[in-house]
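Residue numbers (our numbering): 28 to 997. Beta carbons are placed, not taken as given, at the ideal position from N, Cα and C, and that holds for glycine. Data block below; observations after.
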């Protein structure tokens, strides 16, 4: 009999959270007026400066750092129709500096930049291909001359000198957002840099960055998700820019840009009354708003142009599109919905959650995924600033038609139309939202992200807080009425077939002459930033013995970390064995997810966990299994009881096992069609050869002959093996009482772990053919055995040479030569004592650029470049990052767990910090010469075989084309 037990404690506890929110205006003693919302536990303050700039401030004391966002209310929907991609390209150029930042001689550089701008206007207007090519050559020549006065990446050098992390930006339909996470003591310097950055636009190093954007365009062409999304939006919005111009732009427009149009766009939309500053972290409200006003208050208010509203006609029929790529077929269905914050968007979201949710308890979850009727299916609502999309996705099984898969999805919608879903689901959905809000807002980044979202969507913070209250008002009758009125034959279907994409745009290398980087030059502005001293954060290293309370229940170690933030708890069972001990364990755990018990059907189990507001997950690696429960602490006792019942009373089912085997085998076939997974397998093959953990899998024959009861026996026996328990919450005693009844003494030991060799890398080149625009190359070399005394050097090497926007590799490969969108070198330290470190260098680029990119990377790695100024910056940045970061929450326990594998029982950052403090460039060079320079690489390359330059490839080593069967092991 189906149980409809509802957790009274869950609903009572969360319903007490429903608050009445009222916006209040308060003026501080400095005269600044701000809005705050009564009963808002986050303490957000929203200021509006005299020039219209919005400033969002909130405190988070996790670490002496501040998450910063500068959102601009404009994106690709404001691109001129003849200059698509402009907003995104502008986002790239805002990193290039100003007349004070990034230049050695602005007076001379300015003249040349104007010449380049004029040439681009001629280039855009010219129709004759030969003349167009001649103009581009002239642009290249003048750009060479202009680069003599430019200082590449000076913004990045200024920001990294602060100890910033996460430096980036993104552009989408209606937003462009600039991001940094900075030490709180560096706030004023950050404001000074950002004020300078947004004060004017200088389009220096323009044509090399344009090539980088074009490489991003190429990556998008090789991205299945984007391919489907573009087709879906184009069909869903036949008039509106949501679907009529992509953020990346068209190939034609990217190749014929207008610097004049970009300047006009910047001057129009990058104005204070169309921007915000969002700061969440270790800050003082009064001091911070005064500083923001000091630096950003001088920007001039400017009227925005009237926006032309584009309305779509209601959809009255089914619109279909077909796209092709080498990956597994899938189908996407989409209905056009109303905008973010509307009642229709909320109702569509509720329908999506009734269909599929975090608890895997939706109609699609239970009726399709749980029963393994497809390889994957789900639903979600994606609201935009204007309009939105309700989306359902399905990946058919082998031999299953699109029509059959579509019927499965539509049948679930029909159940909602008939009201055939449990009423408790609505409360569970609201409670899930409340728990997720708690988890999100406990972090600075989570809260800051929601704040900038509210700004972009022109919603008050009170409206955002009230959103859950609006969801609570939705009744089952509302949902049924909405479903019947809304879901008709008025949708878009995208069939993603397996095949050749005949719409790929392949272009020739334009032949850019490498520009001057002037790495050692510094503008007066940068010097001032570097020379301005602030009170630096002092590092705090964690004492695991104090931060983790330990006890014992029977022979099991219990570790507890107190949650100081909210009412969410976590219980993790950590087993010290994994696939090295038994490679069939992943099969058992996968099979387990589809099974019920002698008391519950599989579907009822999912529902019970969802009612409790508890999620469960299992994660397996080569030497560890972690089973985790997460959710409200008030219900964790019931969650633990339910989980242990499931583990000990799981019921074998031959029919379900047969479906599971079929799903596993079909999933393996899917992996062999996916570019990302093929590249991962190929890189693994280059690293470890044919005998590795990845290729040592359970064979098809073994899967099909295995006794289902044998696998459930493995699951039932889990509690008899060694393990420890990690508890995270407020009440240590309560959580210990919750787990205690189910803990038994060890009576079984895992099998001896199989050892896998780490063979030498000996200069071999492995290639796998795949139809794509770009080529990806990963070179991997086995280094020396892990040495704790080199962790600091590895950290600074990656910062200085290999990774990040201000690294030498990025500057040389992308900024100077425009040879790749993505390129890096990484020194990866082993995570376990006695194992080897590995050095990786990666290039993702157009196939005709790969030989040049490989040569450029090889030239760079002949010897470590000696740039003292850049080394000092990298070293200082690494120190500031360590000093201002803190280990907290569940990371305390899992950080200690990871360190134990290295034979360390203390916070190793203390040693790393001391090592970096005393590090010199000669010492780093010696590290490079002994640890990196002597190594030999194996190379993994994926791409279209006809585009391989075999002359270039032969120089890398012995070439071997490897099949998918070889690299995957099946």
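Between the CA atoms of residue j and residue i - distance to the nearest angstrom
{"i": "residue 615", "j": "residue 739", "result": "7 angstroms"}
{"i": "residue 497", "j": "residue 657", "result": "26 angstroms"}
{"i": "residue 571", "j": "residue 928", "result": "15 angstroms"}
{"i": "residue 157", "j": "residue 270", "result": "34 angstroms"}
{"i": "residue 173", "j": "residue 136", "result": "6 angstroms"}
{"i": "residue 721", "j": "residue 711", "result": "8 angstroms"}
{"i": "residue 701", "j": "residue 247", "result": "15 angstroms"}
{"i": "residue 577", "j": "residue 492", "result": "38 angstroms"}
{"i": "residue 39", "j": "residue 267", "result": "Confidence at residue 39 is low in this model, with a pLDDT of 41, below 50, so its placement is unreliable and no value can be given for it."}
{"i": "residue 640", "j": "residue 762", "result": "16 angstroms"}
{"i": "residue 991", "j": "residue 697", "result": "12 angstroms"}
{"i": "residue 786", "j": "residue 808", "result": "10 angstroms"}
{"i": "residue 955", "j": "residue 891", "result": "7 angstroms"}
{"i": "residue 997", "j": "residue 783", "result": "18 angstroms"}
{"i": "residue 871", "j": "residue 284", "result": "24 angstroms"}
{"i": "residue 444", "j": "residue 508", "result": "7 angstroms"}
{"i": "residue 854", "j": "residue 825", "result": "7 angstroms"}
Terminal residues of the alpha helix (DSSP H) in which residue i lies
{"i": "residue 475", "result": "471-483"}
{"i": "residue 884", "result": "877-887"}
{"i": "residue 776", "result": "Premise fails: residue 776 is in no alpha helix (DSSP H) and is neither H nor E."}
{"i": "residue 234", "result": "233-248"}
{"i": "residue 728", "result": "727-732"}
{"i": "residue 270", "result": "268-271"}
{"i": "residue 739", "result": "735-743"}
{"i": "residue 618", "result": "612-619"}
{"i": "residue 506", "result": "503-513"}
{"i": "residue 573", "result": "571-574"}
{"i": "residue 282", "result": "278-282"}
{"i": "residue 286", "result": "286-296"}
{"i": "residue 253", "result": "251-263"}
{"i": "residue 568", "result": "Segment: none, residue 568 is in no alpha helix (DSSP H) and carries neither H nor E."}
{"i": "residue 895", "result": "895-911"}
Anticipated Cβ contact below 8 angstroms, residue i with residue j, distance rounded
{"i": "residue 185", "j": "residue 231", "result": "About 15 angstroms; that fails the 8 angstroms criterion."}
{"i": "residue 373", "j": "residue 580", "result": "Rounded, the Cβ-Cβ distance is 45 angstroms, inconsistent with contact."}
{"i": "residue 499", "j": "residue 561", "result": "Not confirmed; about 46 angstroms, so no contact."}
{"i": "residue 924", "j": "residue 601", "result": "7 angstroms"}
{"i": "residue 550", "j": "residue 130", "result": "6 angstroms"}
{"i": "residue 300", "j": "residue 412", "result": "Not really, about 17 angstroms apart at Cβ, beyond 8 angstroms."}
{"i": "residue 322", "j": "residue 219", "result": "6 angstroms"}
Cutoff 8 angstroms: residue i Cβ touching any chain C Cβ
{"i": "residue 560", "result": "Included in the structure is just one protein chain, with no chain C present."}
Cβ-heavy atom distance, residue i to the ligand ADP, below 7 angstroms
{"i": "residue 710", "result": "You won't find the ligand ADP in this model; it holds no ligand whatsoever."}
Span of the beta strand (DSSP E) around residue i
{"i": "residue 754", "result": "751-756"}
{"i": "residue 869", "result": "863-873"}
{"i": "residue 598", "result": "595-602"}
{"i": "residue 825", "result": "Note, residue 825: premise wrong, no beta strand (DSSP E); not H, not E."}
{"i": "residue 555", "result": "Note, residue 555: premise wrong, no beta strand (DSSP E); alpha helix (DSSP H) at 551-558."}
{"i": "residue 794", "result": "791-796"}
{"i": "residue 49", "result": "49-54"}
{"i": "residue 62", "result": "60-65"}
Counterpart residues of residue i in DSSP-defined beta bridges
{"i": "residue 204", "result": "98, 197"}
{"i": "residue 986", "result": "792"}
{"i": "residue 834", "result": "DSSP, once it has assigned bridges, lists no residue as partnering residue 834."}
{"i": "residue 588", "result": "755"}
{"i": "residue 854", "result": "866"}
{"i": "residue 306", "result": "84, 95"}
{"i": "residue 522", "result": "349, 358"}
{"i": "residue 210", "result": "92"}
{"i": "residue 608", "result": "Its beta-bridge partners do not exist; DSSP assigns none."}
{"i": "residue 968", "result": "794, 804"}
| query | Where in the segment 623-710 do unbroken runs of the alpha helix (DSSP H), each at least 4 residues long, occur, reported from the N-terminal end onward? | reply | If only complete runs of 4 or more residues are kept, the segment 623-710 shows the alpha helix (DSSP H) at 629-639, 663-676, 681-698, in order along the chain.
| What residue ranges within the segment 914-948 form continuous alpha helix (DSSP H) runs of no fewer than 4 residues, ordered along the chain? | Runs found: 918-927, 936-944.
| Residue ranges of each beta strand (DSSP E) within the segment 71-139, 3 or longer | Counting only runs of 3 or more, we get 72-75, 81-86, 92-99.
| task | Would you mind listing the beta strand (DSSP E) stretches within the segment 397-450 that are 3+ residues and don't spill past its ends, in chain order? | result | The segment 397-450 is shown to contain whole beta strand (DSSP E) runs of 3 or more residues at 403-410, 415-422, in chain order.
| beta strand (DSSP E) segments (min. 3 residues) lying fully within the segment 308-388 | Qualifying beta strand (DSSP E) stretches, in chain order: 346-352, 357-364.
| Residue ranges of each alpha helix (DSSP H) within the segment 158-187, 4 or longer | Runs found: 181-187.
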